[in-house]
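Undergrad: Below you'll find the structure I mean.
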Amino acid sequence: MTTPHKKPRKGELTANQKAENKEFSSKRIFIEHVIRLVKIFTIVRQRFPLNSRTYEQVILTICELVRLRIGALILPLS
Numbered sequence: 012m013t014t015p016h017k018k019p020r021k022g023e024l025t026a027n028q029k030a031e032n033k034e035f036s037s038k039r040i041f042i043e044h045v046i047r048l049v050k051i052f053t054i055v056r057q058r059f060p061l062n063s064r065t066y067e068q069v070i071l072t073i074c075e076l077v078r079l080r081i082g083a084l085i086l087p088l089s
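In my numbering, the protein residues as written are 12 to 89.
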């Protein structure tokens, strides 16, 4: 897990650190948009009384639908 550089107390970030933070935020926003797409489905946002195997299948199906929506490649399950 990576985190952005924090501005030091009474100081400034270097140009390199600012560039790294900008790159980090552009990757992070993509992930946050994908999470939003997954949470559109109500079953993901709420607790649902299914056994764990059925719930896993439902979540995987929703993730596949989101992948199709964003046009990503479908990765093989391992």
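Note that beta-carbon positions come from the ideal geometry of N, C-alpha and C, so glycine has one too.
Kindly indicate the opening and closing residues of the alpha helix (DSSP H) around Asn27.
TA: Here residue 27 refers to the residue found at position 16 when the sequence shown is read from its first residue. Taken as a continuous stretch (DSSP letters only), the alpha helix (DSSP H) holding Asn27 covers Ala26 to Lys50.
Undergrad: Kindly indicate the opening and closing residues of the alpha helix (DSSP H) around Arg78.
TA: Residue 78 sits at position 67 when you count from the first residue of the sequence shown. Residues Ser63 to Ile81.
Undergrad: Determine, using beta carbons only, whether Ile90 and Phe52 come nearer to each other than 8 angstroms.
TA: Since the first residue shown for the chain is 12 and the last is 89, residue 90 is missing from the structure and cannot be characterised.
Undergrad: Just to confirm, are Lys33 and Leu24 a CB contact at a threshold of 8 angstroms?
TA: Position 22 of the sequence shown holds residue 33. Position 13 of the sequence shown holds residue 24. No, they are not a contact pair.
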